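Residue numbers in the sequence shown follow our numbering, run continuously in steps of one, and reach 396 at the last position. Beta carbons are placed, not taken as given, at the ideal position from N, Cα and C, and that holds for glycine. As the structure is a computational prediction, the values presented were derived from the model and not from experiment.
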Amino acid sequence: MEDDLSQMGTPAGLPRAMLVGFLDAVPASAAILDIKADIVAVNMAWRRFAADNCGPADPWLGLNYLTISETAEDSDARAVCSGLRAILSGELMSFDHDYPCNGNGFERWFRCLVSPLEDESHTIIGAAVMHLDITAEKLAECRATAASRTKSEFLASLSHELRTPLNAIIGFSEMLMMEFWGPLGDSHYKEYAGDIHAAGKHLLSLINEVLDLSKVEAGRFELHDELVALPEVARQCLTLVAARAARSNLALELDMDEDMPPLRADARVLRQILLNLLSNAIKFTPPGGSVTTSAALTPEGWLAISVTDTGIGIAAEDFERVLEPFGQVDSELARQHSAESTGLGLPLCRRFVELHGGVLNLKSAPGQGSTLSAMFPPERMGPQRLG
């Protein structure tokens with residue numbers, strides 16, 4: 010390899026033998042290209058791979074890497090060619106691309122890494138190309154994906170099985186509360202029936218959220234888009250949470266333009282997003298506070314549906330935790346509500362918004378309240394007001 014590198018030059022003060030030794034120590038198959046993409050050197054790993062799969066490595070020397078790749082006539086080769094050209098022209102400072110390689114009876118995966126080579130004046134004089142075997146990484150990724158899919162399918166099946174008896178428990182406990190077949194006698198029985206009913210409703214809510222989350226993660230959740238009048242949906246959701254807010258002495262406010270264009274979305278999912286955001290805000294806002302629902306278009310045309318509260322707030326380091334399934338923040342008020350919180354409301358919101366091509370943003374600080382914004386992309390905005 011030493012002679013092959015003579016035309017490229019070496020960094021000042023670095024013995025050529027050290028450079029050759031360094032390249033041969035790299036476990037990935039590596040090649041050095043000049044500014045025209047001609048192969049001027051390959052390392053030991055490249056030679057071993059060539060010997061095992063396509064003959065001696067030396068015939069590669071002097072050939073043009075772009076020409077060789079273009080003869081492959083597949084999308085992966087075209088992607089690598091495009092990346093290499095961008096590196097040699099200075100448009101990119103790094104490039105990588107994963108691709109499969111079928112040989113010796115089984116499929117292997119490689120990651121092609123391309124980096125520019127510069128001289129002392131920082132002029133690009135060539136490129137280094139490496140092909141790293143990532144088969145083990147890809148197999149682990151496939152196994153993890155399969156395991157996640159199996160878990161989601163199991164949870165979905167289990168949730169369906171639990172809902173039937175749970176609906177019976179909720180229904181019969183409600184009949185006991187109403188004393189449908191006559192007085193229960195001791196007042197404690199009616200109180201216990203109420204406890205059973207409340208616990209059943211909470212468990213059903215948890216099961217429904219687990220079912221929705223498992224469908225999303227398994228890729229089996231389908232959206233049914235329609236044009237939705239957002240102010241109307243917001244008012245419906247505020248009505249549903251009004252009693253809960255009143256019990257905590259919270260003010261519910263709506264700041265939304267009635268003439269705003271409709272949103273192309275799944276109406277049921279949109280209501281669930283807003284209800285979850287409102288429920289979370291009410292849950293973690295102390296008595297006497299306020300919860301405001303608003304909507305506005307950003308300068309880039311995105312729709313931001315926001316719920317702002319005057320609650321306890323969240324530290325920046327906890328943002329990701331509260332947006333993951335069953336994530337909880339370790340605070341006094343959070344612990345007070347841990348029994349009634351499923352830990353799935355915000356994660357579901359995030360997944361539902363992402364299904365619409367959007368993102369869920371969180372702005373908060375301890376003691377300064379929180380603003381959660383469901384951001385929907387411009388292409389989901391309708392042309393005019395419904396009505």
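Asked: Note down the Cα distance separating residue 32 from residue 153, rounded to an integer number of angstroms.; Found: 34 Å
Asked: Secondary structure at residue 235, three-state DSSP: helix, strand or coil?; Found: strand
Asked: Looking at the secondary structure, which residues open and close the beta strand (DSSP E) in which residue 321 lies?; Found: It is not in any beta strand (DSSP E) - residue 321 carries neither H nor E in the DSSP assignment.
Asked: Restricting to Cα atoms, I'd like to know which of 331, 184, 174 is closest to residue 372.; Found: 331
Asked: Beta-carbon separation of residue 367 and residue 322 under 7 Å?; Found: no
Asked: Nearest by alpha-carbon distance to residue 243: which of 316, 58, 257 is it?; Found: 316
Asked: In whole angstroms, give me the CA-to-CA distance for residue 128 and residue 145.; Found: 36 Å
Asked: Determine the DSSP secondary structure at residue 143, reduced to helix, strand or coil.; Found: coil
Asked: Straight-line CA distance for residue 147 to residue 108?; Found: 10 Å
Asked: Rounded to a whole number of angstroms, what is the C-alpha to C-alpha distance between residue 51 and residue 309?; Found: 48 Å
Asked: In whole angstroms, what is the alpha-carbon distance linking residue 364 and residue 43?; Found: 45 Å
Asked: Rounded to whole angstroms, what's the CA-CA distance from residue 46 to residue 100? Just pull it up for me.; Found: 15 Å
Asked: Under 7 Å, do residue 168 and residue 225 count as touching if we go by C-beta distance?; Found: no
Asked: Helix or strand or just coil, what does DSSP make of residue 107?; Found: strand
Asked: Closest to residue 300 by CA distance: which of 327, 280, 264 is it?; Found: 264
Asked: May I ask which residues mark the beginning and end of the alpha helix (DSSP H) holding residue 76?; Found: 74 to 79
Asked: Taking the C-alpha atoms as reference points, what is the distance between residue 30 and residue 40?; Found: 14 Å
Asked: With distances taken between CB atoms, is the gap from residue 203 to residue 187 smaller than 7 Å?; Found: no
Asked: Taking 8 Å as the threshold, find out whether the stretch 122 to 136 comes into contact with the stretch 157 to 165 through three or more Cβ pairs.; Found: no
Asked: Is the Cβ-Cβ distance between residue 279 and residue 250 less than 7 Å?; Found: no
Asked: Given that a residue counts as buried once 16 or more other Cβ atoms are within 10 Å of its Cβ, and exposed if not, what is residue 55?; Found: buried
Asked: Give me whichever residues DSSP pairs with residue 262 in a beta bridge.; Found: 301
Asked: Write down the C-beta distance between residue 239 and residue 178 rounded to the nearest angstrom, noting that I regard them as a contact closer than 8 Å.; Found: Not really, about 36 Å apart at Cβ, beyond 8 Å.
Asked: Starting from residue 383, follow the beta strand (DSSP E) in both directions and report where the run begins and ends.; Found: 379 to 385
Asked: Rounded to the nearest angstrom, what separates residue 348 and residue 205 at their Cα positions?; Found: In this prediction, residue 348 has a pLDDT of 49, which is less than 50 and means its spatial position is unreliable; what the coordinates show is noted afterwards. Each residue's alpha carbon lies about 15 Å from the other.
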